[in-house]
Amino acid sequence: MLTFTIRRLLLAIPTLLFISLVIFLLVDFAPGSPMSQIPLTVPPEVRLRIIEAMGANEPIFVRYLLWLKQFFWVEPLVMIDGMFGTTYSEGMQRIVSWQSRSPVMDIIVERMPQTLTVVGSAYVIGVLIAVPIGIYSAYRQYSWFDQIGTFIAMIGFSVPTFFTGVVLILVFSVNLGWFPSIYNTSLRVTDWDSFVQQVRQMAMPVAVLALFNASQISRYMRSSMLDNLAQDYVRTARAKGMSERVVVLKHVLRNSLIPVVTVIALGIPTIFGGAIITEQVFKVNGLGALLINAIQGSDLPMVQTLTFIFAVLIVLFNLIADVLYGMLDPRIRYD
1 MLTFTIRRLL LAIPTLLFIS LVIFLLVDFA PGSPMSQIPL TVPPEVRLRI IEAMGANEPI
61 FVRYLLWLKQ FFWVEPLVMI DGMFGTTYSE GMQRIVSWQS RSPVMDIIVE RMPQTLTVVG
121 SAYVIGVLIA VPIGIYSAYR QYSWFDQIGT FIAMIGFSVP TFFTGVVLIL VFSVNLGWFP
181 SIYNTSLRVT DWDSFVQQVR QMAMPVAVLA LFNASQISRY MRSSMLDNLA QDYVRTARAK
241 GMSERVVVLK HVLRNSLIPV VTVIALGIPT IFGGAIITEQ VFKVNGLGAL LINAIQGSDL
301 PMVQTLTFIF AVLIVLFNLI ADVLYGMLDP RIRYD
């Protein structure tokens, strides 16, 4: 297992370098320019100095190599300085947003709590709901519980989140007035009242995302459980006199979790990526909204950095999912 993990980590280096190059080129060649954000009333010589200050006049590969150095060297040094009070990054040039003229990583760190609070909570709740529902639906196939669970899952997975979000706003915010329709990102939880207010404003966006996530994962869980319940080892375990609880929860569930782990692990990067549509509906000022604003403002450093962070997370959690396979199924051996 250790050899496999090291080999995959080494393989991830050229993979991430190739992904970074593709992302950088695609974003750079896309329509839009930082010059479009400069007012036409600005004199040409001033416009030129602004472009030079942003580094947008350099050749593309010079900008790419500089961006790589800043992402993998300068920004980690900045993080170390912030944690331990050192000065390793003093005087080094950081990745700077063309829109706000602030370091990109500082903006991402500032927006991260909003995304993790809403999208992360929704994902955890969705998984906690989906796994038991999938298990019981498979065990009681075609029962009333399975039929209702299938119906709700089809609705949750088929109906887009922007439609579900608008419906919840109309029902619970406009008509009933139970929850606020706009997420207050400036709210700080300092006492019980502010905690209740935070829960109230999180209720609808979390419900929308949790329904969508639970619908998908519960279907995978049910399908995997049904495949394993029909295997010979299940009949053998029952013939040996094992209780249904042991057969289902110990033997069947462990094998059934293997494909579900892939879905859950690959879904975790979406937490950090934010729910772009849901964040727009409920005005959650998270990473999804940050990416949309950066695309609209042709903020290339922000778009390139955010999309590459998502790519790194996907590669990382692919590796984690592969390692978990060996832990869940002893028949899988990598060494």
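Residue numbers (UniProt numbering): 1 to 335.
Backbone N, C-alpha and C define an ideal beta-carbon position, used for all residues, glycine too.
Every value quoted in this text rests on a predicted model; they were computed, and no experiment measured them.
Check	Outcome
Assumed close pair A138, R222 - CB separation to whole angstroms, cut-off 8 Å	5 Å
Distance between beta carbons of G149 and S224, contact taken as under 8 Å	Actually they are not in contact, since the Cβ atoms of S224 and G149 sit about 15 Å apart, beyond 8 Å.
Of the listed residues G177, L209, L187 and P205, nearest to I129 (C-alpha basis)	L209
Alpha-carbon spacing of A237 relative to Q147, whole angstroms	28 Å
D193, enclosing alpha helix (DSSP H) - first and last residue	W192 to L229
Counterpart residues of V261 in DSSP-defined beta bridges	According to DSSP, which records beta bridges pairwise, V261 is partnered with nothing at all.
Exposed unless 16 or more other CB atoms sit within 10 angstroms - verdict on S298	buried
Residue 342 (DSSP reduced to helix, strand or coil)	With the chain covering only 1 through 335, there is no way to say anything about residue 342.
Per-residue burial, Y123 [other beta carbons within 10 Å of its own, 16 or more giving buried]	buried
The stretch 73 to 84 in contact with the stretch 242 to 260 per 3-pair CB rule at 8 Å	no
Cα-Cα separation, W98 to Q201	32 Å
Distance, L187 Cα to L193 Cα	What sits at residue 193 in the sequence shown is Asp, not Leu. Going by the C-alpha atoms only, they are around 11 Å apart.
Closest by C-alpha distance to V118, when choosing among L291, L226 and Y183	Y183
I268 beta carbon less than 8 Å from that of F317	yes
Exposure of L249, with buried meaning 16 or more beta-carbon neighbours within 10 Å	exposed
Counted within 10 angstroms of its Cβ, other Cβ atoms place G91 as buried (16 or more) or exposed	exposed
Spatial neighbours of N228 in its chain, beta-carbon cut-off 6 Å, leaving aside the 5 residues before and after	V252, N255 and S256
Straight-line Cα distance separating V62 from P113	33 Å
Opposing strand residues paired with V96 [DSSP bridges]	P103
T307 versus V167: straight-line alpha-carbon distance, rounded	30 Å
Residues of its chain near A321, where Cβ-Cβ distance is below 6 Å and the 5 sequence neighbours each way are ignored	V261, T262 and A265
Residue burial classification, F29 (beta-carbon count within 10 angstroms, cutoff 16)	exposed
N-terminal and C-terminal residue of the alpha helix (DSSP H) that G288 is part of	L287 to Q296
Enclosing alpha helix (DSSP H) for L168 [first to last residue]	T161 to L168
Closest Cα partner of L26 within the set T305, L324, I95 and V315	T305
Coil, strand or helix - E90 by DSSP	coil
C-beta atoms of T15 and V315 nearer than 8 Å	yes
Nearest neighbour of L291, chosen from I19, V104 and L226 [CA to CA]	V104
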